[in-house]
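Asker: For the sequence shown, our numbering puts the final residue at 705, and the numbers step up evenly by one. Ideal placement from N, C-alpha and C gives every residue a C-beta, glycine not left out. What you are looking at is a predicted structure, and each value in this text was computed from that prediction instead of being measured. The structure's right below; bear with me while I get my questions together.
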Amino acid sequence: MGFVGRALEIANMVKICCIGAGYVGGPTMAVIALKCPSIEVVVVDISASRIAAWNGDQLPIYEPGLDDVVKQCRGKNLFFSTNVEVHVAEADIIFVSVNTPTKTRGLGAGKAADLTYWESAARMIADVSRSDKIVVEKSTVPVKTAEAIEKILTHNSKGVNYQILSNPEFLAEGTAIQDLFTPDRVLIGGRETPEGRRAVQTLKDVYAHWVPEDRILTTNLWSAELSKLAANAFLAQRISSVNAISALCEATGANVSEVAFAVGKDSRIGPKFLNASVGFGGSCFQKDILNLVYICECNGLPEVANYWRQVIKINDYQKSRFVNRVVSSMFNTVSGKKIAVLGFAFKKDTGDTRETPAIDVCKGLLGDKASISIYDPQVTEEQIRRDLAMNKFDWDHPAHLQPTSPAAVKQVSVTWDAYAAAKGAHGVCILTEWDEFRELDYQMIYDNMQKPAFVFDGRNVVDAEKLRAIGFIVYSIGKPLDSWLKDMPAIA
Ligand SMILES: NC(=O)c1ccc[n+]([C@@H]2O[C@H](COP(=O)([O-])OP(=O)(O)OC[C@H]3O[C@@H](n4cnc5c(N)ncnc54)[C@H](O)[C@@H]3O)[C@@H](O)[C@H]2O)c1
Numbered sequence: 214m215g216f217v218g219r220a221l222e223i224a225n226m227v228k229i230c231c232i233g234a235g236y237v238g239g240p241t242m243a244v245i246a247l248k249c250p251s252i253e254v255v256v257v258d259i260s261a262s263r264i265a266a267w268n269g270d271q272l273p274i275y276e277p278g279l280d281d282v283v284k285q286c287r288g289k290n291l292f293f294s295t296n297v298e299v300h301v302a303e304a305d306i307i308f309v310s311v312n313t314p315t316k317t318r319g320l321g322a323g324k325a326a327d328l329t330y331w332e333s334a335a336r337m338i339a340d341v342s343r344s345d346k347i348v349v350e351k352s353t354v355p356v357k358t359a360e361a362i363e364k365i366l367t368h369n370s371k372g373v374n375y376q377i378l379s380n381p382e383f384l385a386e387g388t389a390i391q392d393l394f395t396p397d398r399v400l401i402g403g404r405e406t407p408e409g410r411r412a413v414q415t416l417k418d419v420y421a422h423w424v425p426e427d428r429i430l431t432t433n434l435w436s437a438e439l440s441k442l443a444a445n446a447f448l449a450q451r452i453s454s455v456n457a458i459s460a461l462c463e464a465t466g467a468n469v470s471e472v473a474f475a476v477g478k479d480s481r482i483g484p485k486f487l488n489a490s491v492g493f494g495g496s497c498f499q500k501d502i503l504n505l506v507y508i509c510e511c512n513g514l515p516e517v518a519n520y521w522r523q524v525i526k527i528n529d530y531q532k533s534r535f536v537n538r539v540v541s542s543m544f545n546t547v548s549g550k551k552i553a554v555l556g557f558a559f560k561k562d563t564g565d566t567r568e569t570p571a572i573d574v575c576k577g578l579l580g581d582k583a584s585i586s587i588y589d590p591q592v593t594e595e596q597i598r599r600d601l602a603m604n605k606f607d608w609d610h611p612a613h614l615q616p617t618s619p620a621a622v623k624q625v626s627v628t629w630d631a632y633a634a635a636k637g638a639h640g641v642c643i644l645t646e647w648d649e650f651r652e653l654d655y656q657m658i659y660d661n662m663q664k665p666a667f668v669f670d671g672r673n674v675v676d677a678e679k680l681r682a683i684g685f686i687v688y689s690i691g692k693p694l695d696s697w698l699k700d701m702p703a704i705a
């Protein structure tokens, strides 16, 4: 039995350290701590403000149920610290959950994963380790990253033995705690050597505290790494597929909800991830597909690369199609008009705005000189302004590692409720499916808007017929068009 396996058996407190206290590191480690009271979990980060927030009352990320989990174990067997090196040195198992953004410059810019944060974490592990370690890739990484990490570690090993595992995270923001409590599967990839298999078993033992054995899958390293990229590509592909059909629905008078329902009834297809919308967002889908595309190109598979690239193209098409609908419906100009934007997060129940379609839609409207007024229940004004001032891909480099003072975006105001955002507006764009947007008093909103008053529902959350009865002109993605819109060309 190897060192770590033995340690697990004999030590009272196995020590886990997670590098990166973000959307993945924070919630996953909190749940491990909750479910494994005999394991000490320390989450470390170079961002002092993030760690302070994890130790305070207002956690740095919003996720239903997270507060509760953190409060139950913080200070007992769950700790947050900036003392990265000390805790890495003491740990038996090190999760690396740093960000892996798309490269913004150099070779592979705009496609390849930027492993700067990963590599510096690996070098630091090599520097400070004096005892054997299991190093777990939690971040989503290109296939064969484990090999690169292994090289960094073993070339600087000073006699320390390392086992690298791939344990990609499949949680979805907004339902992270539920996903972690009852995952569809936990995937662990490792080397197919006796030491590799023991390391896999050690990590399996951690998850086995609460995950049924048949849901813990073990594979070789490369299969685990590729499975994560493939899973995200498949999920995003479903959204792009239904969004592509939504454009055809609008052109033909079909209703995308009815089509998606009928299609999803086929048990081979299933009903999930078939909601047409203004487009997918989030930190992962686009980044991971671009990464997949790059890996295909590097492996001489241009046809495969082009196939997946199309998923992103349709997503971009959907966002610009939406902006064009807004502009063309309003007599082909929104210059000087007030447009209310309801929802800025990339989906409901999260404050995360990374790659949210709202950014592209707002930039599109600002490009046409609209003045926009934004409301989101979870996103701060500072975040919105930073997002709108940022270049594509810069968003995934942590704010504390970026130059400060982003240029203020004029023509943008941020309000604390939907009614203030819509007051005096010509049009309302719904860009996140927050439940509260279903329940708004649309009569009151209508009464306080310029006429004709428009609602552009990018998430199909409102009852279009009810709103039409009030007097709104309504555009719902993929639904039969209002007669007003039929006469307005909207070519993306
Ligand atoms: N967000 C999701 O829903 C999700 C889901 C599954 C997988 N992933 C993957 O997980 C990884 C992390 O994603 P995230 O959303 O948690 O990112 P994040 O940006 O929220 O968190 C990453 C953290 O790592 C810290 N960090 C970077 N370099 C460091 C270093 N050398 N030492 C210590 N801390 C360092 C940063 O300060 C940041 O706080 C990514 O690879 C992502 O693709 C994300």
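1) For G684, which of K664, F669, G671 and G691 has the nearest alpha-carbon?
2) State the start and end residues of the unbroken alpha helix (DSSP H) segment that holds Y688.
3) Can you look up G580 in the DSSP assignment and give me helix, strand or coil?
4) How close, in whole Å, do the beta carbons of F650 and L578 come, if the pair is a contact with beta carbons under 8 Å?
5) For I377, which residues of its own chain have a beta-carbon under 6 Å away from its beta-carbon, when the five flanking residues on both sides are left out?
6) Would you say Y588 touches ligand 1, meaning its beta carbon is less than 7 Å from a heavy atom?
7) Can you determine whether any heavy atom of ligand 1 sits closer than 7 Å to the C-beta of G492, and answer yes or no?
8) Should K679 be counted as a contact of ligand 1 given a C-beta to heavy atom distance under 7 Å?
9) Does DSSP put L505 in a helix, in a strand, or in coil?
10) Beta carbon of E159: closer than 7 Å to some heavy atom of ligand 1?
11) From N290 to N488, what does the alpha carbon distance come to, in whole angstroms?
12) With a 10 Å radius around its C-beta and 16 neighbouring C-beta atoms as the bar for buried, classify E516 as buried or exposed.
13) Going by CA-CA distance only, name the one from F292, S262, E276 and N268 that's closest to V256.
14) If you count every other CB in all the chains shown that lies within 10 Å of the CB of T406, and 16 or more means buried, which is it?
15) Is the separation between the beta-carbon of A635 and that of I658 shorter than 8 Å?
16) Since I563 contacts E276 with CB under 8 Å, what's their CB separation in whole angstroms?
17) In the stretch 507–569, which residue ranges form an unbroken alpha helix (DSSP H) of at least 4 residues, counting only runs that do not cross its ends?
18) When every heavy atom of ligand 2 is checked, does at least one fall within less than 7 Å of the C-beta of I390?
19) Between A677 and K576, what straight-line distance do the alpha-carbon atoms span, to the nearest angstrom?
20) I need the straight-line Cα distance from D345 to G691, nearest angstrom please.
21) Rounded to a whole number of angstroms, what is the C-alpha to C-alpha distance between V455 and R522?
22) Answer yes or no: do N369 and L400 have a C-beta to C-beta separation smaller than 8 Å?
23) DSSP three-state label for Y588, please.
24) Taking only beta-carbon atoms, is A457 less than 8 Å away from chain D?
25) Return helix, strand or coil for L628, following the three-state DSSP convention.
26) Return yes when the C-beta of E386 is under 7 Å from any heavy atom of ligand 1, and no when it is not.
27) Have a look at I452, G321, I502 and I597 and flag the residue whose alpha-carbon is nearest the alpha-carbon of R672.
28) Any chance the stretch 425–440 sits against the stretch 261–269, with 3 or more Cβ pairs inside 8 Å?
29) Are there any heavy atoms of ligand 1 lying less than 7 Å away from the beta-carbon of Y330, as far as the coordinates show?
30) Kindly give me the distance between the Cβ atoms of V244 and V282, rounded to whole angstroms, as I take these residues to be in contact under 8 Å.
31) Just to confirm before moving on: does the CB-CB distance between T315 and L503 stay below 8 Å?
32) So is T617 buried or exposed if we call it buried at 16+ other beta carbons inside 10 Å?
33) Only counting the same chain, and skipping five residues up and downstream in sequence, which positions put a Cβ closer than 8 Å to that of K351?
34) Could you tell me the boundaries of the alpha helix (DSSP H) in which F699 lies?
35) Would you call the stretch 458–472 and the stretch 413–431 in contact, with 3 or more CB pairs under 8 Å?
36) Exposed or buried, what is H300 when buried is set at 16 or more other beta-carbons lying within 10 Å of its beta-carbon?
Answerer: A quick look at the data gives this:
1) Walking along the sequence shown from the start, residue 684 turns up at place 471. Minimum Cα distance to G684 is reached at K664.
2) Here residue 688 refers to the residue found at position 475 when the sequence shown is read from its first residue. First-last for Y688: I686 to S689, but that is the beta strand (DSSP E), not the alpha helix (DSSP H).
3) Locating residue 580 in the sequence shown gives position 367, counting from the first residue. It is helical.
4) Counting from 1 along the sequence shown, the entry for residue 650 is found at position 437. Counting from 1 along the sequence shown, the entry for residue 578 is found at position 365. The pair is not a contact, with the Cβ atoms about 18 Å apart (cut-off 8 Å).
5) If you number the sequence shown from 1, residue 377 lands on position 164. Excluding sequence positions up to five before and after I377, its CB lies within less than 6 Å of the CB of V348, A359, I362 and E363, all in the same chain and listed in chain order.
6) Counting from one through the sequence shown, the residue named residue 588 turns up at place 375. Every heavy atom of ligand 1 is 7 Å or more from the Cβ of Y588, so no.
7) Residue numbering aside, residue 492 sits at position 279 when the sequence shown is read from its first letter. No, since every heavy atom of ligand 1 falls outside the 7 Å radius drawn around the Cβ of G492.
8) Indexing the sequence shown from 1 puts residue 679 at position 466. Result no, Cβ not under 7 Å from ligand 1.
9) The residue you call residue 505 lines up with position 292 of the sequence shown. Looking at L505 - three-state DSSP - the assignment turns out to be helix.
10) Since the displayed the chain opens at 214 and closes at 705, residue 159 lies outside it and no answer follows.
11) Here residue 290 refers to the residue found at position 77 when the sequence shown is read from its first residue. Here residue 488 refers to the residue found at position 275 when the sequence shown is read from its first residue. Near 40 Å, if we compare the C-alpha coordinates of N488 and N290.
12) Along the sequence shown, one-based indexing puts residue 516 at 303. Result: exposed.
13) Taking the first residue of the sequence shown as 1, we reach residue 256 at position 43. Looking from the CA of V256, the closest CA among F292, S262, E276 and N268 belongs to F292.
14) The residue given as residue 406 occupies position 193 in the sequence shown. T406 comes out exposed.
15) Indexing the sequence shown from 1 puts residue 635 at position 422. Indexing the sequence shown from 1 puts residue 658 at position 445. Yes, the Cβ-Cβ distance between A635 and I658 is below 8 Å.
16) As a working mapping, residue 563 is identified with position 350 in the sequence shown. As a working mapping, residue 276 is identified with position 63 in the sequence shown. One detail in the question is off: residue 563 reads as Thr in this sequence, not Ile. That pair is a contact at about 7 Å.
17) As far as the stretch 507–569 is concerned, its whole alpha helix (DSSP H) runs of at least 4 residues are 515–542.
18) Although ligand 2 was asked about, the structure shown includes only ligand 1 as ligands.
19) The sequence position of residue 677 within the sequence shown is 464, counting from 1. The sequence position of residue 576 within the sequence shown is 363, counting from 1. For A677 and K576, the gap between their C-alpha atoms comes out near 26 Å.
20) Taking the sequence shown and counting its residues from 1, the one referred to as residue 345 is at position 132. Taking the sequence shown and counting its residues from 1, the one referred to as residue 691 is at position 478. If I take the Cα positions, the gap works out to 56 Å.
21) Here residue 455 is taken as the residue at index 242 of the sequence shown, counted from 1. Here residue 522 is taken as the residue at index 309 of the sequence shown, counted from 1. Answer to the nearest angstrom: the Cα atoms are 16 Å apart.
22) Along the sequence shown, one-based indexing puts residue 369 at 156. Along the sequence shown, one-based indexing puts residue 400 at 187. No, these two residues do not count as a Cβ contact at 8 Å.
23) Walking along the sequence shown from the start, residue 588 turns up at place 375. Assignment of Y588 by DSSP, reduced to helix, strand and coil, places it in the strand class.
24) Any reference to chain D falls outside this structure, which holds one protein chain only.
25) As a position in the sequence shown, residue 628 is number 415, starting the count at 1. According to the sequence displayed, residue 628 carries Thr and not Leu. In the structure shown, T628 falls within a coil segment according to DSSP collapsed to helix, strand and coil.
26) In the sequence shown, the residue the question calls residue 386 occupies position 173. Between ligand 1 and E386, a heavy atom-to-CB distance of less than 7 Å is present.
27) Residue numbering aside, residue 672 sits at position 459 when the sequence shown is read from its first letter. Scanning I452, G321, I502 and I597 for the CA closest to the CA of R672 turns up I452.
28) Between the stretch 425–440 and the stretch 261–269, the count of C-beta pairs closer than 8 Å stays below three; the two stretches do not touch.
29) Residue 330 sits at position 117 when you count from the first residue of the sequence shown. Within the cutoff, so yes.
30) Mapped onto the sequence shown, residue 244 falls at position 31. Mapped onto the sequence shown, residue 282 falls at position 69. With a Cβ gap of about 6 Å, V244 and V282 count as contacting.
31) For the purposes of this step, residue 315 is taken as the residue at position 102 of the sequence shown. For the purposes of this step, residue 503 is taken as the residue at position 290 of the sequence shown. The answer is yes: Cβ separation under 8 Å.
32) As a first step, residue 617 is located in the sequence shown; it is residue number 404 there, counting from the start. Residue confidence for T617 is low, a pLDDT of 42 falling below 50, so the modelled location carries little weight and cannot support an answer.
33) Counted from its first residue, the sequence shown places residue 351 at position 138. Correct list, in chain order: C231, G233, V237, G238, T241, F308, V309, S310, N380, P381 and E382.
34) Translated into positions along the sequence shown, residue 699 becomes position 486. Here residue 699 is Lys; the residue named in the question, Phe, does not match the sequence. That run of the alpha helix (DSSP H) goes S696 to K699.
35) They do not touch, by the three-pair rule.
36) Along the sequence shown, one-based indexing puts residue 300 at 87. Buried, by the Cβ-count rule.
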